[in-house]
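Under the working numbering, the first residue of the sequence shown carries the number 12, and numbering increases by one thereafter.
All C-beta atoms in this analysis are idealised placements derived from N, C-alpha and C, irrespective of residue type, glycine included.
First up is the structure itself, then whatever we jot down about it.
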Amino acid sequence: MTKSAGTKGVAVLGSTGSIGTTALRVLERQRDRFRLVALTANSNRALLSEQVKRFAPAFVGMVEQQGDADDSWKSGSEALISAATRDDVDIVLNAIVGAAGLDATLAALKKGKRVALANKETLVIAGDVVKQACATGCGEVVPVDSEHSAILQCITGHPASEVRRVVLTASGGPFRGWSEEQLAKATVEDALRHPTWQMGRKITVDSATLANKALEVIEAHFLFDLPYDRIDVVVHPQSVIHSFVEFIDGSVVAQMSVPTMELPVLYALTHPERVSDVGVPPFDPVRLSPMTFEPVDHQRFPALRLGIEAGRAGGSAPAVFNAANECAVAAFLAGKIRFTDIPRAISSALDTLGDMPAGTRENLLAADSAARKHVKEKFQC
Ligand code: NAD
Ligand code: MG
């Protein structure tokens, strides 16, 4: 894309993933407002090449070096930092999955960029460190996650003192009605069959265990400065209401749309403004009926409670929760452990390592490594 006055420069990290490709569709429609200046991916050379042809970005990074990649492409994880800190980048859309996205978020914030954050693991591992980086560089984090986008859309224009509590909605995932016996036999294929969202494999498994909702509770705590007793979760299988905010007068405001990530991606780029777009299909309340709600079953889905406890404990516990989960999900996807081993792995790591030193990026990454090692040894995966 050629640079033109008045447009904002965007770097998309993780452009080949589910959120990354969604973001490119949004940016293609919004060329008058945004120019795509940097793209990065882990290893999907074919899709990255196609995206480079379509958008002609000034910078391309592919983390895993491949002999036959274009010479002008940068490689290694430094490529993520280079993309995130360029002078012609105003907004970094971090759509990387997992802990690998942390350093790019920190670097972008220290340079005063807006980070449109899909990579929720970053905030879970190092929420306080991310907030310090915002303060140091005058950067800002704007959520892409649909629940947090919903909350932001509901509270924008209101002081924090007017918010009583927030209620995150959860679809309940593919195993909502499954018994404990059925869950013990759940296959990878079963776990990847999400009823309402098409997403990357890791977050789809997180949605099946409800670890995703635990990550989101911790994410909400850091994004909106809310104590854990003012963050609730309710199961809403249709994924039409993306979250609720209850204000101090008792009024409850919700944000809704048919399930699409194009809207939260666009809003993260334009907040607090809204711009004209055609990404969201028409809203038909009759066709979307009924909208139902039910409590979370913590017995069958213990990962949510484990994550909230880790969030409340603070320190290194959220980083241990996240790393144990990432490691266990990878092992489950590789066919090495059972679905019900995922919360067992998280629980075991938290029992053993939950109070390691925290406070700095280095300490938190040490906790992350220790948790992965613990899970690999304990579950031989
Ligand atoms: P995905 O697996 O589809 O895509 C991940 C992207 O990250 C890919 O482009 C991949 O190349 C890149 N990547 C993976 N490992 C990397 C590494 N080590 N270094 C650099 N790049 C790497 O995942 P996704 O579903 O798009 O999710 C991305 C993030 O957004 C996750 O944190 C997820 O929780 C969050 N999120 C996703 C959705 C959704 O609808 N998919 C919704 C809300 C939040
Ligand atoms: Mg979400």
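At least 8 Å separates the beta-carbon of Val74 from that of Trp84. In the three-state reduction of the DSSP assignment, Arg176 falls in the strand class. Distance between Lys387 and Leu280, taken at the CA atoms: about 38 Å. Taking 7 Å as the cut-off, the C-beta of Asp98 does not count as close to any heavy atom of the ligand MG.
In this structure Ala324 does not touch Gly261 by the C-beta definition: roughly 31 Å separates them, more than the 8 Å allowed. For Glu132, the three-state secondary structure derived from DSSP is helix. Using a cutoff of 7 Å, the CB of Ser157 counts as near the ligand NAD, since one of the ligand's heavy atoms is closer than that. For Ser300, no alpha helix (DSSP H) segment is defined, and its DSSP state is neither H nor E. Taking the CA atoms as reference points, Ser190 sits about 16 Å from Ala314. By the Cβ test, the region 240-252 is in contact with the region 162-182, since at least three Cβ pairs between them sit closer than 8 Å. Within the same chain, and ignoring the five residues on either side of Thr215 in sequence, the residues whose Cβ sits closer than 8 Å to its Cβ are Ala202, Leu203, His205, Trp208. Looking at the backbone, the Cα of Thr27 and that of Thr33 are separated by about 9 Å.
Take the alpha-carbon of Val174 and the one of Arg212: they are about 34 Å apart. Comparing alpha-carbon positions, the option among Val153, His253, Asp236, Lys64 lying closest to Ala171 turns out to be Asp236. Using a Cβ distance threshold of 8 Å, Glu305 and Gly290 do not count as a contacting pair.
Relative to the ligand NAD, the nearest heavy atom lies less than 7 Å away from the CB of Glu132.
Ile319 is positioned such that its CB atom lies no closer than 8 Å to that of Ala335.
The beta carbon of Ile348 lies closer than 6 Å to those of Ala342, Phe390, Cys392 in the same chain, with the five residues before and after it left out. Look at Asn53: its beta carbon is less than 7 Å from one of the heavy atoms in the ligand NAD. At a Cβ-Cβ threshold of 8 Å, Leu104 and Ala144 do not count as neighbours.
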